[in-house]
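Remarks on the structure that follows.
Protein chains: 2
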Amino acid sequence: MAIPKSSQAFPRSEYLRRLAEVKLEMKRREIDALVVTTPANITYLSGYTSKSGYVPQGLLVLLEDEEPTFITRRMDGPAAIHQMFIDPSRVIGYPEALIANPDRDGYDAIIDFLLDKVGNRGIGLEAKFLPSLTIEKFRHRAAEARIVDCTNAVTWIRGLKSDLEIAMMREAAAISDAGMLKAKEVIRPGLREADAAAEIIATLVRGANGKPGTDIASFFMCSTPRTSTCHIRWTEDIFRQGSQINLEFSGVRHGYTSPLMRTMSIGRPADHLRRLHDGEVAGLEAALAAAKTGGTCSDIAVAFNATLKKHGFEKESRCGYAVGIDWTEPTASLKEGDMTVLQPNMTFHLMLGNWINEDVGYVISETFRVTDAGGEPFTKLPRELFEI
Amino acid sequence: MAIPKSSQAFPRSEYLRRLAEVKLEMKRREIDALVVTTPANITYLSGYTSKSGYVPQGLLVLLEDEEPTFITRRMDGPAAIHQMFIDPSRVIGYPEALIANPDRDGYDAIIDFLLDKVGNRGIGLEAKFLPSLTIEKFRHRAAEARIVDCTNAVTWIRGLKSDLEIAMMREAAAISDAGMLKAKEVIRPGLREADAAAEIIATLVRGANGKPGTDIASFFMCSTPRTSTCHIRWTEDIFRQGSQINLEFSGVRHGYTSPLMRTMSIGRPADHLRRLHDGEVAGLEAALAAAKTGGTCSDIAVAFNATLKKHGFEKESRCGYAVGIDWTEPTASLKEGDMTVLQPNMTFHLMLGNWINEDVGYVISETFRVTDAGGEPFTKLPRELFEI
Numbered sequence: 388m389a390i391p392k393s394s395q396a397f398p399r400s401e402y403l404r405r406l407a408e409v410k411l412e413m414k415r416r417e418i419d420a421l422v423v424t425t426p427a428n429i430t431y432l433s434g435y436t437s438k439s440g441y442v443p444q445g446l447l448v449l450l451e452d453e454e455p456t457f458i459t460r461r462m463d464g465p466a467a468i469h470q471m472f473i474d475p476s477r478v479i480g481y482p483e484a485l486i487a488n489p490d491r492d493g494y495d496a497i498i499d500f501l502l503d504k505v506g507n508r509g510i511g512l513e514a515k516f517l518p519s520l521t522i523e524k525f526r527h528r529a530a531e532a533r534i535v536d537c538t539n540a541v542t543w544i545r546g547l548k549s550d551l552e553i554a555m556m557r558e559a560a561a562i563s564d565a566g567m568l569k570a571k572e573v574i575r576p577g578l579r580e581a582d583a584a585a586e587i588i589a590t591l592v593r594g595a596n597g598k599p600g601t602d603i604a605s606f607f608m609c610s611t612p613r614t615s616t617c618h619i620r621w622t623e624d625i626f627r628q629g630s631q632i633n634l635e636f637s638g639v640r641h642g643y644t645s646p647l648m649r650t651m652s653i654g655r656p657a658d659h660l661r662r663l664h665d666g667e668v669a670g671l672e673a674a675l676a677a678a679k680t681g682g683t684c685s686d687i688a689v690a691f692n693a694t695l696k697k698h699g700f701e702k703e704s705r706c707g708y709a710v711g712i713d714w715t716e717p718t719a720s721l722k723e724g725d726m727t728v729l730q731p732n733m734t735f736h737l738m739l740g741n742w743i744n745e746d747v748g749y750v751i752s753e754t755f756r757v758t759d760a761g762g763e764p765f766t767k768l769p770r771e772l773f774e775i
Numbered sequence: 388m389a390i391p392k393s394s395q396a397f398p399r400s401e402y403l404r405r406l407a408e409v410k411l412e413m414k415r416r417e418i419d420a421l422v423v424t425t426p427a428n429i430t431y432l433s434g435y436t437s438k439s440g441y442v443p444q445g446l447l448v449l450l451e452d453e454e455p456t457f458i459t460r461r462m463d464g465p466a467a468i469h470q471m472f473i474d475p476s477r478v479i480g481y482p483e484a485l486i487a488n489p490d491r492d493g494y495d496a497i498i499d500f501l502l503d504k505v506g507n508r509g510i511g512l513e514a515k516f517l518p519s520l521t522i523e524k525f526r527h528r529a530a531e532a533r534i535v536d537c538t539n540a541v542t543w544i545r546g547l548k549s550d551l552e553i554a555m556m557r558e559a560a561a562i563s564d565a566g567m568l569k570a571k572e573v574i575r576p577g578l579r580e581a582d583a584a585a586e587i588i589a590t591l592v593r594g595a596n597g598k599p600g601t602d603i604a605s606f607f608m609c610s611t612p613r614t615s616t617c618h619i620r621w622t623e624d625i626f627r628q629g630s631q632i633n634l635e636f637s638g639v640r641h642g643y644t645s646p647l648m649r650t651m652s653i654g655r656p657a658d659h660l661r662r663l664h665d666g667e668v669a670g671l672e673a674a675l676a677a678a679k680t681g682g683t684c685s686d687i688a689v690a691f692n693a694t695l696k697k698h699g700f701e702k703e704s705r706c707g708y709a710v711g712i713d714w715t716e717p718t719a720s721l722k723e724g725d726m727t728v729l730q731p732n733m734t735f736h737l738m739l740g741n742w743i744n745e746d747v748g749y750v751i752s753e754t755f756r757v758t759d760a761g762g763e764p765f766t767k768l769p770r771e772l773f774e775i
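Listed in order, the protein sequences are those of chains A and B.
Start counting the first sequence at 388; every next residue gets the next number (my numbering).
Start counting the second sequence at 388; every next residue gets the next number (my numbering).
Shown next, in the form of structure tokens:
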């Protein structure tokens, strides 16, 4: 007996549509094979979300083949057969002899396959994210081939979501909302931060509207006296009357995220925090109004920065980034000077966390899609500084 | 006002001891500065566990300085001041202009610092884990310096734990045990896998013995019909009478993990699974008996493989690896031919997951430390095939 296919997150036609876009780009770059190694891009082109990226693996898109071929550690093969939309024969497991072996690794199995299939033609690599020794290995072993850097080629394509993907991100957003409401419900003086985190994370896993979370994404709970930090999970401290809590997390549906940030206060927030909140919310609304088809990422940042400045504040860091599978897409940035043109169903995390100095930090964010009428957020939560 | 120091996981003397070991190795390699970029190694040498590794950062160990210097994105500076044992002046935040900038990034800030401090002397890099463009940048901008590959130099040093670290791993192990007992308690026919995962993960966050979990490590729940897979989180399916559930997860204490695997069965396990379990447990006991000071990693693997074979089974993959901060240490492997000599307080994940074919997979594992009398496991759980 063989392992059955899992229920698929998207229909086959959706994966073939994505692959068609990728192959069009491959033709533009005059390559015959693309070696996709970024886990989020592998998910995008196959439905695979199993966590085998700790060892070399590659989804190989060949111009001449309708379906890609996946080369992975043998023990991870069954999960790929189970989850990927492709025929089981297209999953190739390489042997254990290539694990923890200084001379040959999984990339050698990938190169063997390429030499057999495309020989000395053009091969695209996501070079920026590969170790230097791996790139040297490709150059050396496929010396006759033309090696082309295709870093972020697939990532730019997945920047533009289909309606099916937007629906998936809305499911993730409903889970993010449920997590934030759970935070508001459980946080109180005397509770350990870890116990609140446990409740919120359990909510993110249980999901919302009958759709469970399918993974755990990043999770940050930065509370007094560390509200000026942004990437601490939680601590062993307890909440106190007057504590401020900055939260950032996301529900996950089949790889897709929809990050959300809100600030909470146990008791009445300090006046300076309330003023900062008002400025940031005004900036958020200005940014969403600017997030129209045909505008640019820069327009969004300009609108946000100008509005925040009117309120007497500044934010040093960019005000967001493209978002989707596995959170951040390292492509378009919401910052002044990023001239990426906005198209319908591009999705961004409008990330307005503002860590002003060692004493003051405030967070609010929404994930949205671009429409002709401006940015449409996925969250249904109010833009409040939640008072507990 | 400045952000206060958090309560520290280890005393200052422990970090200085670790740094002394690293500096000894730097002298052997004739380098004046070591650029530590692996997050687990940064945790090891400073206590920092905030998640800023998504952008360039480096902990710079200089022979001439008692304390290292940390260079990170400016917004992540306060977390480093809060968590690291070093003086706040040794945390340097680089500006936002280096984020999402194709020309200059955080590594340029690191190189600027090195050129100023060590000039054209020897600089060590954890090269294997750096992007090729980054290594080129070091070679180009620090052209006069001698660049030395120090991949895994710190990782080998942290392979040998202090008693303080062993105590921390025991705390993590108690959390792993609590998670496994929670799994046995909640899994039942009709429950969604996601709901069981939520309960188990919440337990891992709440912790055990008054010590909360401080992070979420990897978590895998591979149930019928996908017991032949190893790295799927969980699914939207429900458990049924007769389901088999393979679990792998770990509690986390200040970065330290103590992974644990067990197999559960709803109802009486099939005979072939029971036989496989008996063989694996016999192999586990033989492996622990061989894990004595002065032996080798290979000895452990030989003992396990020979015993399993006597029971009529084989395991293709290695039977474990060095373990500690952030789970796997990419150094010593429990496989035949790995001649790493065992020393007291080396710690390993004896990982006996055995995914035999597309139908059959079984898991059991224990994290242990090497002693003169053999491997001493951290878990207090019985070596059972848990029947629910």
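Idealized CB from N, CA, C, for every residue including glycine.
Since the model is a prediction, treat every value here as computed from it, not as a measurement.
The beta carbons of D495 of chain A and G511 of chain A sit no closer together than 9 Å. Secondary structure in the region 565-651 of chain B: the alpha helix (DSSP H) runs of 4 residues or longer, each lying completely within the stretch, are 580-593 in chain order. Interface criterion not met: the Cβ of I458 of chain A is under 9 Å from no Cβ in chain B. Judged by their CB atoms, T718 of chain B and N539 of chain B are nearer to each other than the 9 Å cut-off. D419 of chain A has its alpha-carbon roughly 38 Å from the corresponding atom of K702 of chain B. For G666 of chain A, the enclosing alpha helix (DSSP H) covers residues 658-677. In the DSSP annotation of this structure, S720 of chain B is not part of any alpha helix (DSSP H); the continuous beta strand (DSSP E) holding it starts and ends at 714-720. With a threshold of 16 other beta carbon atoms within 10 Å, S563 of chain A meets it and is buried.
In terms of CA proximity to F765 of chain A, A:T754 leads the group A:I479, A:T754, A:F626, A:S439.
For W543 of chain B, there are no C-beta contacts with chain A under 7 Å, since the nearest C-beta of that chain is about 14 Å from it. Taking all protein chains shown into account, L729 of chain A has 16 or more neighbouring C-beta atoms within 10 Å of its C-beta and is therefore buried. Q470 of chain A belongs to the set of residues whose beta carbon lies under 9 Å from a beta carbon in chain B.
With contacts defined by Cβ atoms closer than 9 Å, S615 of chain B and N744 of chain B form a contacting pair.
DSSP lists A:L512 as the bridge partner or partners of D536 of chain A. Contacts with chain A at 9 Å (Cβ-Cβ) include E703 of chain B. Burial check for N596 of chain B: the Cβ neighbour count within 10 Å stays below 16, so the residue is exposed. As the crow flies, the alpha-carbon of S433 of chain A is around 13 Å from that of R545 of chain A. Taking a C-beta distance under 9 Å as the contact criterion, Q470 of chain B and T459 of chain B do not qualify as a contact pair.
Out of A:A560, A:E558, A:A561, A:A589, the CA that lies nearest to the CA of V573 of chain A is found in A:A589.
Of all residues in the region 735-761 of chain A, those with a C-beta nearer than 7 Å to a C-beta of chain B are W742, E745, D746, reading in chain order. Our two residues, N741 of chain A and E716 of chain B, have alpha carbons roughly 35 Å apart in a direct line. The C-beta of V592 of chain B comes closer than 9 Å to at least one C-beta of chain A. Using a 10 angstroms sphere on the CB of P599 of chain A, the tally of other CB atoms reaches 16 or more, which defines it as buried.
What D463 of chain B touches in chain A, judged by beta-carbon distance under 8 Å, is T616, C617, H618, going in chain order.
For H698 of chain B, the three-state secondary structure derived from DSSP is coil. The beta carbons of T680 of chain A and V757 of chain A sit about 6 Å from each other, so the pair counts as a contact at 8 Å. Exclusion of the five residues before and after E763 of chain B leaves F755, R756 as the residues of its chain whose Cβ lies within less than 7 Å of its Cβ. In terms of beta-carbon proximity, R579 of chain B lines the interface with chain A, with at least one pair separated by less than 9 Å. Scanning chain A for C-beta atoms nearer than 7 Å to the C-beta of K515 of chain B yields P518, L520, reported in chain order. Annotation: the continuous alpha helix (DSSP H) that includes G493 of chain A extends over 493-504. Within chain A, the residues placing a beta-carbon under 9 Å from that of P391 of chain B are P612, R613, ordered along the chain. T715 of chain B has a beta carbon lying within less than 9 Å of a beta carbon in chain A. Identification of chain A residues near P599 of chain B by a Cβ-Cβ cut-off of 9 Å yields R579, E580, A581, D582, A584, A585, W621, T622, E623, ordered along the chain.
With a cutoff of 9 Å on beta-carbon distance, R649 of chain A and F773 of chain A are scored as near each other. Using beta-carbon distances, P482 of chain A counts as an interface residue toward chain B, with a partner under 9 Å. Proximity of chain A to S605 of chain B at the Cβ level (cut-off 8 Å) is accounted for by K438, in chain order.
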